[in-house]
């Protein structure tokens, strides 16, 4: 039993040290491993399988809105990166440079893509000629590189996997529509599939993407009360089009600039799943994203007929969910700990007595609730329970979000809230960057977004400077 | 009509200039575009969609054999690349080097992965401890970079997409089994899905992978009689394990080295599809891999009811195949040319007279054969025809391969065959590298493989030096 306990004990409690708990979970649930390459990680099978499910579901939703997948080069020539002024200023300090190819120095340095706006622009410049060629609604799944100084698994690493959509439209209205549409695809995906409620809103100019006219964001709230930016969608207007010369001939034979958008979502979301739903026993995966939804664990598996019956059960469940069986020679207690650590939503326990009684036991990962069900009806019961878990996990996350939003009417209240509460702080803002900078410097909270659906004016004056307020802002400490 | 003709005329005939025909097809079928990054290309939607289908089908076949997907870093520290002597010699001359991260020079150069054996070894070194941890059967889908001097779309580019499997096993036998298993997965996939027959065999030592004990290959024969290496599977024995120190404790508590394999297949296969099946009207896609299998083209679409009926037909076909409808204002002739250029296996023509007669016309892309079918039975007919096309394309490719294999019994016959015939040349070999090198230098033909299933000794002496022969070799000019 000493060995069995070890697995669970090895995890730091989240209330004691949330950061250490997080690191323990990513390692013990075998999602990642560190590598010889500083700041880069290995996505192990259990981690990558979550990403595969994210890809599959998101890609399906993208394609329903007319998105087509493409693949652009990994490298960006320095001169191309420099074409849009704000963009290069935002990214140049954190890119990796290739200076040698084979045995020769390159004539021009190539950066490893930190994002691919410049490549798509360079492509659209030639590919778009007429209004008939529009819109272009392209996306790519790839990895990007940003030379971060401090890294944490999934949340910030020098290389990460993501998708980046890049679109070109005839009009400003269409570009705006697409920007909002994709933000909503992200938000719906997070809520419906990952059971993560999000606040949808606009970034302030200080926090928006380098080169964008407007950046929309979805912000999730982690278990520790910190915000996590979980997906962003940018409207570029015709800024990049002018920098790159992307023009089309309209129906009246006039040359016009296209209007562009981009939108991205990354493996960071796996960090969000962990920090939204996890507990002191490890990962808790929402059923819709879990690579394994049900683990069958035979009890007294050496007894005659148990393994056969368990295998038969697995075979039946395979038709309705993603199921595995743990037939290793570990003890049941050890297997339970592993299944819990890996966040598998349901475990099915079945021993000789259960078989005799024609039943098995379903144990929920999220609440640990046990239900004895008849073997006759097990497929239906498992499906119902998976749906129920998904629903309950979202409801709990929503309740947590709702009770973690605090109002601040002046700077004293604001500072108190930042130090004493864990969550979003709603506060009015005058619109000046100076106030945002002061708040960040003095409290470490940043403006997360100006919400779309929360239009309440909770005060008439800026929470920082006291001047007339323009916008309601969600502030918070963030990952 | 002038405009319509242009599309077809713009393609060079394959008999006039096969290389130019190939370049024309990849561009006109909108598979790729060139970029500002020398030697790198854009995979456009029509090209990427083929790769997505390859991925989907191959990934399914991999997982059936127990493969799990992971993701390793893009970068390899120079010291890691250098750990296995043969491997670094093979790859170092053609890698791209990152020397700067952010604003700082790196202390150690990082190469952009040309292949990831060294990263997997570095990972297995820590991840594998006991026989219980074996086997590891991992794969990743990613892009790799090789700084080629001369590039051609799909066939040879500085960056390309591929999958690379990397496995670790307790015994040499298991590693050998896996090496053969994956080669057969590749071969079956090529034959069953891409309708490309392949020769399965072993590479000579000269042609094997840098660091491998044995390399197995599948070699396809393109329309012009040149060979295309289409997938390779390598048995590393315990060479990498010794270089990297990958050891496990066996059941008797003895430390042992693991035995490893790797196997890869890339976007090069899209080049194979083009050159195996294409014709002077463009691409011809086998139905099982075609992103769009059927194109509905309404005739006289401005006539009342035609578009509605065509749309209704598309809706019905959607349930049994991947179908699109071309409702643009181009003429039918123009649409036919486009559908042919893109290699869509079936087009369905339907005009007012067809509707009146309750029928439509199915036109095969591969043979141009037309069949009038009743609308009542159209779903079945289309499905049958897709299967028939797949079968016929494979049969034709097989016949082409069979009639393109020539025997040479001595060096005169060999040289004559290389200059006068287009295809594989079967010739006996003494086993000496000197003969391989002489043949390559004097004839430009290389040893493609020592076949597994063709054991016939067609002579007693080496086709080059006349000394006693050891092996039958397939020789040929290759891409």
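Residue numbers (this note's numbering), protein chains in the order written: chain L, 131 to 609; chain Y, 131 to 609. Every residue gets a Cβ at the ideal spot worked out from N, C-alpha and C, and that includes glycine.
| Asked | Found |
| --- | --- |
| At the 8 Å Cβ level, is residue 151 of chain L part of the contact set with chain Y, yes or no? | no |
| Grab me the residues of residue 365 of chain L's own chain with a C-beta within less than 7 Å of its C-beta, minus the 5 sequence neighbours each way, in chain order. | 305, 306, 309, 342, 343, 344, 391 |
| I'd like to know whether the C-beta of residue 230 of chain Y is nearer than 8 Å to at least one C-beta of chain L. | yes |
| Mind checking who residue 524 of chain L pairs with in its DSSP beta bridge? | For residue 524 of chain L, which the question treats as bridged, DSSP gives no partner whatsoever. |
| Leaving out five residues on either side along the sequence, give the residues of the same chain with a beta carbon under 8 Å from the beta carbon of residue 263 of chain Y. | 257, 378 |
| Going by DSSP, what residue range makes up the alpha helix (DSSP H) through residue 582 of chain L? | Neither: residue 582 of chain L is in no alpha helix (DSSP H) and is coded neither H nor E. |
| Using only CA atoms, which one of L:361, L:328, L:424 lies nearest to residue 351 of chain L? | L:328 |
| If you follow the alpha helix (DSSP H) that residue 572 of chain L is part of, which residue opens it and which one closes it? | 563-573 |
| Since residue 274 of chain Y sits in a beta bridge, which residues does DSSP pair it with? | Y:290 |
| Is it true that the CB of residue 348 of chain L sits closer than 8 Å to the CB of residue 360 of chain L? | yes |
| Report the option in Y:467, Y:550, Y:170 whose CA atom is closest to the CA atom of residue 253 of chain L. | Y:170 |
| What whole-angstrom Cβ distance do residue 517 of chain L and residue 340 of chain L have, given they're in contact under 8 Å? | Going by Cβ atoms, the distance from residue 517 of chain L to residue 340 of chain L rounds to 42 Å, so no, they are not a contact pair. |
| Identify every residue that forms a DSSP beta bridge with residue 171 of chain Y. | Y:164 |
| Taking residue 403 of chain Y as part of the alpha helix (DSSP H), name the residues at either end of that continuous run. | 398-407 |
| For residue 510 of chain L, which of helix, strand or coil comes out of DSSP? | helix |
| Nearest CA to the CA of residue 409 of chain Y: which residue from Y:426, Y:356, Y:473? | Y:473 |
| From residue 150 of chain Y to residue 551 of chain Y, what does the alpha carbon distance come to, in whole angstroms? | 21 Å |
| In whole angstroms, what separates the C-alpha of residue 371 of chain L from that of residue 266 of chain L? | 13 Å |
| Strictly under 8 Å for the Cβ-Cβ distance: is residue 226 of chain L near chain Y by that measure? | yes |
| What does residue 198 of chain L reach in chain Y if we use C-beta pairs closer than 7 Å? | 175 |
| Taking its Cβ as the centre, do 16 or more other Cβ atoms sit within 10 Å of residue 554 of chain L, making it buried, or is it exposed? | buried |
| Please classify residue 484 of chain L as buried or exposed, where buried requires at least 16 neighbouring CB atoms within 10 angstroms. | buried |
| So, under 8 Å CB-CB, residue 534 of chain L and residue 355 of chain L are touching, yes? Tell me the CB distance rounded to an integer number of Å. | 6 Å |
| Opposite residue 604 of chain Y in the DSSP bridges: which residues? | Y:556, Y:579 |
| By Cβ distance, which residues of its chain are closer than 7 Å to residue 396 of chain Y, with the 5 residues on each side in sequence left out? | 290, 291, 292 |
| Is it right to say residue 590 of chain Y is buried, meaning 16 or more other beta carbons lie within 10 angstroms of its own, or is it exposed? | exposed |
| Does the beta carbon of residue 265 of chain Y sit closer than 8 Å to a beta carbon anywhere in chain L? | no |
| Enumerate in chain order the residues of its own chain whose CB-to-CB distance from residue 226 of chain Y is below 6 Å, with the five nearest sequence positions on each side excluded. | 242, 275, 277 |
| For residue 456 of chain L and residue 465 of chain L, I'd like the C-alpha separation in whole angstroms. | 7 Å |
| Going by beta carbon distance, what residues of the same chain come within less than 7 Å of residue 207 of chain L, once the five residues before and after it are set aside? | 238, 240 |
| Per DSSP, what kind of secondary structure is residue 363 of chain L in: helix, strand or coil? | strand |
| Does any residue of chain Y bring its CB to less than 8 Å from the CB of residue 595 of chain L? | no |
| Report buried or exposed for residue 381 of chain Y, applying the criterion of at least 16 other Cβ atoms within 10 angstroms of its Cβ. | exposed |
| Answer yes or no: do residue 422 of chain Y and residue 284 of chain Y have a C-beta to C-beta separation smaller than 8 Å? | no |
| Would you mind stating whether residue 393 of chain L and residue 295 of chain L have Cβ atoms separated by less than 8 Å? | yes |
| Across the segment 492-509 of chain Y and the segment 430-438 of chain Y, are there enough close Cβ pairs to call them in contact, namely three or more that are closer than 8 Å? | no |
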